[in-house]
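*Asks:* In our numbering, the protein residues as written are 1 to 279. The beta-carbon is built from N, C-alpha and C at its ideal position, and this holds for glycine as well.
#1: Using a 10 Å radius around the Cβ and a threshold of 16 neighbouring Cβ atoms, would you call residue 169 buried or exposed?
#2: Which of helix, strand or coil does DSSP assign to residue 61?
#3: For residue 120, does the count of other Cβ atoms within 10 angstroms reach 16, so buried, or fall short, so exposed?
#4: From residue 97 to residue 115, what distance separates their C-alpha atoms?
#5: To the nearest angstrom, how far is the alpha carbon of residue 61 from that of residue 216?
#6: So, with DSSP's three-state summary, where would you put residue 208?
#7: Starting from residue 177, follow the beta strand (DSSP E) in both directions and report where the run begins and ends.
#8: Report the start-end ranges of each alpha helix (DSSP H) in the region 129 to 175 that is 4 residues or longer and not cut off at the edges.
#9: Taking 7 Å as the cut-off, decide whether the C-beta atoms of residue 133 and residue 182 are in contact.
#10: Which residues mark the beginning and the end of the beta strand (DSSP E) in which residue 241 is found?
#11: Taking all protein chains shown into account, decide if residue 226 is buried (16 or more other Cβ within 10 angstroms of its Cβ) or exposed.
#12: For the candidate residues 274, 235 and 158, whose alpha-carbon lies nearest to that of residue 118?
#13: Tell me whether residue 274 is buried or exposed, calling it buried when 16 or more other Cβ atoms sit within 10 Å of its Cβ.
#14: Count the other CB atoms within 10 Å of the CB of residue 261; is the residue buried (16 or more) or exposed (fewer)?
#15: If we ignore side chains and look at the alpha-carbon of each, how far apart do residue 161 and residue 211 end up?
#16: From this set, 233, 213, 220 and 231, which residue's C-alpha is nearest residue 244's C-alpha?
#17: What three-state label does DSSP hand residue 112 in the structure shown?
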């Protein structure tokens with residue numbers, strides 16, 4: 001557990017909590033079958049169909065969709081945490097592909113899966129992330145957009161559409177070693193220097209752990225949480241505001257990728273009076 005019981009007890013004593021004590025759990029039910037990704041489909045589909053449904057005007061790309069698809073989800077009794085990404089991020093692993101069994105069915109972001117479009121499934125990248133996929137056996141490269149979740153097989157990092165698999169010559173083998181490189185978000189490749197500094201925008205989530213009328217108390221609490229949190233993952237920030245004409249200082253923990261992750265953190269660390277904030 002992240003917070004030891006003695007430290008937690010001490011912190012609870014000094015904090016003035018704002019009440020919010022709801023429990024929350026989430027299981028994603030958008031996957032098409034219990035056998036998804038369990039067996040690689042090696043059936044070869046002719047690569048001569050029209051690339052329908054690949055117009056960027058048809059991409060589902062709203063804040064509501066991103067918030068929904070960035071929630072933790074459970075498949076085969078394993079919990080997955082969708083995560084933010086940065087331009088240039090790399091990941092090596094095994095690619096597979098999926099086609100006929102899922103063609104014309106809904107993807108995890110609500111689109112209709114089209115196996116003749118340049119799309120792919122990934123377990124944790126934000127929806128509409130654009131990635132380059134390099135076949136490490138023959139050097140061929142393609143660019144695809146993430147619009148689904150999967151593959152849920154150990155060692156596999158991406159499930160390509162039938163068309164994408166054809167273009168890097170991996171349909172007959174079924175799987176191949178690949179390198180993924182993040183190129184952009186919202187269905188677009190980052191080109192300008194500003195765009196290349198972006199991360200996927202999915203909203204910000206915080207946990208409020210204290211409200212103080214005096215800044216000294218807030219600063220003390222901030223330091224104590226900083227001592228016990230992973231500084232590479234979470235930050236403790238102070239937010240000043242007015243309450244009945246009096247200045248107050250709120251202590252927030254930031255770094256959560258979704259509301260569900262924040263609620264899991266609150267429950268796992270026994271902070272029942274803390275408040276989850278979405279902005």
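*Replies:* By the coordinates alone:
#1: Along the chain shown, read from residue 1 onward, the residue named residue 169 stands at position 169. So residue 169 ends up on the exposed side.
#2: Start at 1 with the first residue of the chain shown, and residue 61 comes out as number 61. DSSP, read as helix, strand or coil, puts residue 61 in coil.
#3: Numbered from 1 along the chain shown, position 120 holds the residue referred to as residue 120. Classification for residue 120: buried.
#4: The count along the chain shown starts at 1 and reaches residue 97 at position 97. The count along the chain shown starts at 1 and reaches residue 115 at position 115. For residue 97 and residue 115, the distance between alpha carbons rounds to 9 Å.
#5: Your numbering for residue 61 matches position 61 in the chain shown. Your numbering for residue 216 matches position 216 in the chain shown. Going by C-alpha positions, residue 61 is about 43 Å away from residue 216.
#6: Along the chain shown, one-based indexing puts residue 208 at 208. In the structure shown, residue 208 sits in a strand (DSSP, three-state: E or B).
#7: To locate residue 177, count along the chain shown from 1; it is residue 177. From DSSP, the beta strand (DSSP E) with residue 177 extends over 176 to 184.
#8: Note on the region 129 to 175: whole alpha helix (DSSP H) runs with a minimum of 4 residues are 162 to 167, in chain order.
#9: Position 133 of the chain shown, counting from 1, holds the residue named residue 133. Position 182 of the chain shown, counting from 1, holds the residue named residue 182. The criterion of a C-beta distance shorter than 7 Å is not satisfied by residue 133 and residue 182.
#10: Translated into the one-based positions of the chain shown, residue 241 becomes position 241. Run containing residue 241: 235 to 243, per the beta strand (DSSP E) assignment.
#11: Counting from one through the chain shown, the residue named residue 226 turns up at place 226. Looking at its Cβ environment, which holds fewer than 16 other Cβ atoms inside 10 Å, residue 226 is exposed.
#12: Position 118 of the chain shown holds residue 118. Nearest option by C-alpha distance: 158.
#13: Along the chain shown, read from residue 1 onward, the residue named residue 274 stands at position 274. It counts as buried.
#14: Translated into positions along the chain shown, residue 261 becomes position 261. Result: buried.
#15: For the purposes of this step, residue 161 is identified with residue 161 of the chain shown, where counting begins at 1. For the purposes of this step, residue 211 is identified with residue 211 of the chain shown, where counting begins at 1. Between the alpha carbons of residue 161 and residue 211 lies a distance of about 50 Å.
#16: Taking the first residue of the chain shown as 1, we reach residue 244 at position 244. Proximity to residue 244 across 233, 213, 220 and 231 peaks at 213, based on C-alpha coordinates.
#17: Your numbering for residue 112 matches position 112 in the chain shown. Reduced to three states, the DSSP call for residue 112 is strand.
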